Amino acid sequence: MNNFTIFASMNNTKEIECKIFDVFSKGFAIEKNEDNYLIKSKALFNKYKLMVRVMSEDTDSKYFVNNIPGMMSYYNSIPFEDNHLKELVLTQISVLNIVIAIECEKEIKDEQMQLCLSLLLTIGGIGFLPNGTLLDKEGAVIVYPDGQSGPSNFRPYACTQKVRGQEATSEEGHQRKNKTIAYLKENGIPYTDSLPQLPPIGACQLKAKEDIARRAVALLIVIQFACDVAQGENIEESRDFFINMLHKYEVEANLTDSERAFLYYQQPNAQEAINISWQYEAYWILIWVLGFVKELDFPDEVCDCEYAIQVISNCETFEQFYLQIMMRSQKEIMDEADKIFRLHWACVDSRIQERPAPVGMNESIVMERRRALFWLIGHQNEEWETISMDT
Numbered sequence: 255m256n257n258f259t260i261f262a263s264m265n266n267t268k269e270i271e272c273k274i275f276d277v278f279s280k281g282f283a284i285e286k287n288e289d290n291y292l293i294k295s296k297a298l299f300n301k302y303k304l305m306v307r308v309m310s311e312d313t314d315s316k317y318f319v320n321n322i323p324g325m326m327s328y329y330n331s332i333p334f335e336d337n338h339l340k341e342l343v344l345t346q347i348s349v350l351n352i353v354i355a356i357e358c359e360k361e362i363k364d365e366q367m368q369l370c371l372s373l374l375l376t377i378g379g380i381g382f383l384p385n386g387t388l389l390d391k392e393g394a395v396i397v398y399p400d401g402q403s404g405p406s407n408f409r410p411y412a413c414t415q416k417v418r419g420q421e422a423t424s425e426e427g428h429q430r431k432n433k434t435i436a437y438l439k440e441n442g443i444p445y446t447d448s449l450p451q452l453p454p455i456g457a458c459q460l461k462a463k464e465d466i467a468r469r470a471v472a473l474l475i476v477i478q479f480a481c482d483v484a485q486g487e488n489i490e491e492s493r494d495f496f497i498n499m500l501h502k503y504e505v506e507a508n509l510t511d512s513e514r515a516f517l518y519y520q521q522p523n524a525q526e527a528i529n530i531s532w533q534y535e536a537y538w539i540l541i542w543v544l545g546f547v548k549e550l551d552f553p554d555e556v557c558d559c560e561y562a563i564q565v566i567s568n569c570e571t572f573e574q575f576y577l578q579i580m581m582r583s584q585k586e587i588m589d590e591a592d593k594i595f596r597l598h599w600a601c602v603d604s605r606i607q608e609r610p611a612p613v614g615m616n617e618s619i620v621m622e623r624r625r626a627l628f629w630l631i632g633h634q635n636e637e638w639e640t641i642s643m644d645t
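255 is the number of the first residue of the sequence shown in the numbering used here; add one for each residue after it.
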């Protein structure tokens with residue numbers, strides 16, 4: 255074993271540097287480079303080096319998005335002999351916001367392990383060994399890789415920052431979550447109980463009917479332009495045509511800043527064009543909410559793009575389109591948002607485990623549906639292009 259990892263939940267990440275220097279203050283030279291620390295022993299014999307890398311959820315969000323769901327899935331799959339302990343471990347993982355990765359150029363021996371355990375105690379987190387064994391802050395085993403309980407009397411700890419950011423539970427949210435999990439079980443789709451509830455309807459700021467309608471029209475128009483760009487069509491002719499469409503339907507103000515910039519770029523980026531083209535799937539959600547799509551199929555096949563275009567192209571004006579709307583209920587929208595949230599977790603978990611997405615799901619479709627649904631319910635007041643895809 256030549257690595258050891260500490261996971262923690264902390265408010266003040268600036269404390270970590272002081273704790274590292276406290277542990278390694280005697281007998282070591284410490285070189286810092288941003289959030290990396292090279293620690294060299296000063297001993298005449300048996301010299302060794304430790305590389306300590308600190309990652310926080312605030313500054314290394316991709317690490318947490320790509321790795322914490324996998325960690326959650328790993329311990330969720332272990333046959334714990336104590337199910338209550340399993341719940342405690344999964345709870346702890348769900349609130350982690352700090353990772354301290356320690357690597358030794360050679361095998362970690364007793365002396366180096368004692369230093370790792372000293373830092374673990376000082377930080378107050380949990381220790382992770384490469385074989386999957388988890389340690390508490392005292393260095394006692396919480397659980398072994400086969401699910402056998404260790405001697406630790408473990409209790410999870412969450413910093414106030416994470417606690418305030420966690421779900422506000424409600425009976426409505428509980429029932430919705432359970433309904434989705436029943437659907438996932440029925441269809442053989444993996445899930446985790448630790449994924450939080452979505453807020454109740456009363457705590458959400460669902461978008462108004464007209465805002466949704468105008469967003470749908472503007473989005474379709476910019477998608478069509480993006481498709482022309484991706485297919486190598488005449489950009490100037492296409493741009494002029496779709497700008498005229500925006501004016502015709504009076505929805506130019508409903509473009510995002512990035513969409514407007516893309517539309518007016520002299521040479522629009524081809525990859526950005528492809529990314530925007532995928533938002534047909536987000537647009538499909540919008541016209542489902544507006545009543546133009548009877549039901550949402552399972553997210554394994556792309557939407558009917560021809561019909562998606564006709565929904566608006568058959569209308570001469572925005573008013574004509576608007577008069578045809580039959581809005582779905584807020585409950586239907588929230589139920590679908592909860593479902594796509596948990597389907598996305600299943601996709602991410604499978605990707606991390608290097609397995610295909612469950613039952614043929616297309617993760618790109620799932621992500622775009624989530625973008626639209628979370629925008630519709632006003633999730634965390636995020637804008638269209640900054641919808642968090644955390645799971």
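Glycine residues also receive a C-beta, built at the ideal position from the N, C-alpha and C atoms. The structure presented is a predicted model; accordingly, all values stated were derived computationally and were not measured.
Residue i versus residue j: straight-line alpha-carbon distance, rounded
i    : j    : result
N351 : N265 : 9 Å
Q429 : K585 : 12 Å
E271 : T345 : 26 Å
E490 : I475 : 15 Å
L550 : T423 : 27 Å
I579 : E570 : 15 Å
M326 : F572 : 47 Å
R418 : P450 : With a pLDDT of only 43 at R418, under the threshold of 50, the placement of this residue in the model should not be trusted; the figure read from the coordinates follows. Answer to the nearest angstrom: the Cα atoms are 13 Å apart.
S583 : E636 : 22 Å
R609 : L509 : 37 Å
M367 : F382 : 12 Å
I435 : S372 : 41 Å
C481 : F496 : 12 Å
K294 : R307 : 14 Å
E365 : V343 : 28 Å
K280 : M305 : 17 Å
I594 : I563 : 24 Å
E421 : D558 : The predicted model places E421 with a pLDDT of 48, which falls under 50 and marks its position as unreliable; any figure quoted below should be read in that light. Approximately 36 Å between the Cα atoms of the pair.
V349 : E269 : 18 Å
S315 : I260 : 17 Å
C388 : I396 : Cys is not the amino acid found at residue 388; the sequence shown has Leu there. Their Cα atoms are separated by approximately 5 Å.
F278 : I284 : 8 Å
A472 : I347 : 41 Å
Y437 : L500 : 40 Å
R514 : E440 : 43 Å
K301 : D276 : 20 Å
Y411 : Q607 : 27 Å
For residue i, the residue or residues it bridges with in DSSP
i    : result
E287 : Reading the sequence as shown, one finds Asn at residue 287 and not Glu. N287 pairs with N290.
I260 : I354, G381
V308 : I354
F282 : S295
Q389 : According to the sequence provided, residue 389 is Leu. The question's Gln does not apply to it. Answer is G381, V395.
S403 : V397
K303 : K294
Cβ neighbours of residue i in the same chain (closer than 6 Å, five flanking residues each side left out)
i    : result
E622 : W532, Q533, E535, A536
Y576 : A467
A262 : I352, I377, G379
K340 : F334
G386 : P399
F258 : I356, C370
I332 : G401
Nonlocal neighbours in the same chain, by C-beta distance under 7 Å from residue i, ignoring five residues either side
i    : result
V565 : I541, F546
N256 : E357, C358, K360, E361, I362
K431 : Q451, D592
I539 : R623, A626, L627
Contact set for residue i: own chain, Cβ-Cβ below 8 Å, skip 5 residues either direction
i    : result
G647 : It is not possible to answer for residue 647, since the shown part of the chain is limited to 255 through 645.
E317 : Glu is not the amino acid found at residue 317; the sequence shown has Tyr there. So the qualifying residues of the chain are M309, V353.
V483 : I489, S492, P522, A524, A527
E335 : G401, Q402, S403
K273 : L373, T376, I377
I641 : R624, R625, F628, W629, H633
S406 : L389, D390, E392, A394, V395, I396
D554 : V613, G614, M615, N616, I619
Proximity test, Cβ basis, 7 Å: residue i and chain D
i    : result
N290 : This model lacks chain D altogether, as it is built from one protein chain only.
Proximity to residue i [Cα-Cα], best of the options
i    : options                : result
F552 : D312, I260, N320, V613 : V613
R596 : I260, L292, K296, P323 : P323
N498 : Q478, S512, S618, Q485 : Q478
V556 : E487, S618, E426, V471 : S618
Y503 : N568, Y561, P454       : N568
E425 : F408, K439, P453, L438 : P453
M615 : G442, V319, L369, I587 : G442
C370 : K303, P410, D312, T313 : K303
L544 : A470, V505, E560       : A470
G456 : R514, T640, M588       : M588
Could you check whether the region 436-451 touches the region 585-603, counting it as contact only if at least three pairs of C-beta atoms, one from each stretch, sit closer than 8 Å?
yes
Say whether the region 376-394 touches the region 283-293, bearing in mind that this needs 3 or more beta-carbon pairs closer than 8 Å, one atom from each stretch.
no
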